[in-house]
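Quick note: the sequence shown uses my numbering, first residue 127, plus one each step.
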Amino acid sequence: MAKNKTIPKCPPLRFPQFNDEWKQTMLGEIGTYIRGLTYNSDDVQGSGYIVVRANNITEGKAINFDNELVQVRVPPSTQQMLMVNDIAICMANGSSHLVGKASYYNGNASGVCTVGAFCGIFRSTNPLTRWFFQTSIYNRYIYQSIQGGDGAIANLKGEDILKQIYSLPSLAEQEKIASFLSLIDERIQSCSETIKEIKTLKAGLLSLRVYQADKQYVPLSYFGEMKHGYPFKSTSYDEDGTHRIVTISNVSGARYADMSKCNYLAELPHDIQQHQILSRNDILISLTGNVGRVSFCLADGDLLNQRVGVLSLCDEAYKEYIYQVLSDWRFEMSMVACGQGAAQLNISKSNVEGYLVPYEQSEYQEIGNFFSLLDDRIEIEEELLKQYEMQKKYLLRQMFI
């Protein structure tokens, strides 16, 4: 693959054996738009025709049939039935940022399927169709085309989809690009499936190895104390500061807190406590909103915000085992069950410290170390997945105009 420097009207990056110009075309010239199926709540039933809605559409990926699938008794027309390589598009939604997101259909539905009335289908035999809807060109066009919003339902029209203009090369080059991008997608899919399989394996092994009927259970307070964060004021945030603040949004439930988006301080408050200046691998717990999520602190010196708790353990040898137990779904569900509050849930120090932990003195370190190895493998696969996705994003910018 080489950079183009001389041929006009073609993308920056292309395969070297091709040297002709690309020609502009509207999507309406290479495909058709089909409206989604209209139905009402009385038509929904336990089995029937599968309806894809906005929550099943994941940008840049195949339609997700695992997320709150709806089935109805109303039959779609032959034209409305999804075909392999069709593009499902969210055409209207109360959240404007969801309008325009698109997924392709890979044929993995368990029965006849269509899309709902707030979605649409773009159908084409063009080999590049799937990737048109993943480009920054598409995203910019949708942003400029959306109607409504600001309290009204944001929406697109079918003609908005059909009027989009792309440039196309010869059929031979289209097929070459499609084959290449398909390989990237296959690697992304394989990596995603590996991560899912390891996480499923880990959950199963935790149930078998840790949560046994004959295990002794002790309260979390046996291992240490949960301490609260500092009530930082938003007026003190400084984007040029060097001290990162860990908030509930950073404690995502991944092994390490996600600090890709965070607030900063230039100076430490004079009354901040020692435990509120964190160390790497401190165990953090979300206490508000999505309560019960657990992550390790990413770096020394990060600051603990209010509504995030940190565990101060009486023995550091407990750390990996306690993290593994608390990162299991049972802890999160337990915290959700005891959470208080109407607008958003809140949990207390006593809720956390009262959680019963399965414990066997002779094996907790071995168990913690074993599950840590699985987490290491997950991290490797997630980093590989991230690299593939970044590579694909770069290629989509460079290979389309």
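Glycine is no exception: its CB is placed at the ideal position from the N, C-alpha and C atoms.
- Residues L500, R503, I504, E507 of the same chain have their beta carbon placed closer than 8 Å to that of I324, with the five preceding and five following residues left out of the count.
- About 21 Å separates the beta carbon of Q197 from that of I215, a gap too long to meet the 8 Å contact definition.
- Taking the Cα positions, V462 is about 13 Å away from V420.
- Across the structure, L521 and S308 are spaced so that their CA atoms are roughly 12 Å apart.
- About 6 Å separates the Cβ atoms of E486 and K341, confirming a contact at the 8 Å cut-off.
- Under the DSSP definition of a beta bridge, M152 partners with I291.
- Put simply, the region 507–519 does not touch the region 358–366. Fewer than three CB pairs are less than 8 Å apart.
- In the DSSP assignment, P484 forms a beta bridge with Y343.
- In the DSSP annotation of this structure, the continuous segment of the beta strand (DSSP E) that includes S438 starts and ends at 434–439.
- Annotated as proximal: W148 and S293, with beta-carbon spacing under 7 Å.
- Note on geometry: alpha-carbon atoms of S318 and Q524 lie some 24 Å from one another.
- Leaving aside the five residues that flank S167 on each side, none in its chain has a CB nearer than 6 Å to its CB.
- Counting the other CB atoms within 10 Å of its CB gives T373 a total of 16 or more, which places it among the buried residues.
- Between the alpha carbons of L430 and R335 lies a gap of roughly 33 Å.
- Under DSSP, M352 takes part in a beta bridge, and its partners are L437.
- Around the CB of V436, 16 or more other CB atoms lie within 10 Å, so the residue is classed as buried.
- With contacts defined as CB atoms closer than 7 Å, L208 and C239 qualify as a contacting pair.
- The beta-bridge partner set that DSSP reports for N281 consists of A218, Q273.
- In the pairwise beta carbon analysis, the region 341–350 is classified as not touching the region 390–406: fewer than three pairs are separated by under 8 Å.
- Within a 10 Å sphere around the beta-carbon of M459 sit fewer than 16 other beta-carbons, which makes this residue exposed.
- Apart from sequence neighbours up to five positions away, the residues of its chain that approach R199 with a beta-carbon distance below 6 Å are D169, Q171, G174, ordered along the chain.
- Take the alpha-carbon of T184 and the one of C440: they are about 44 Å apart.
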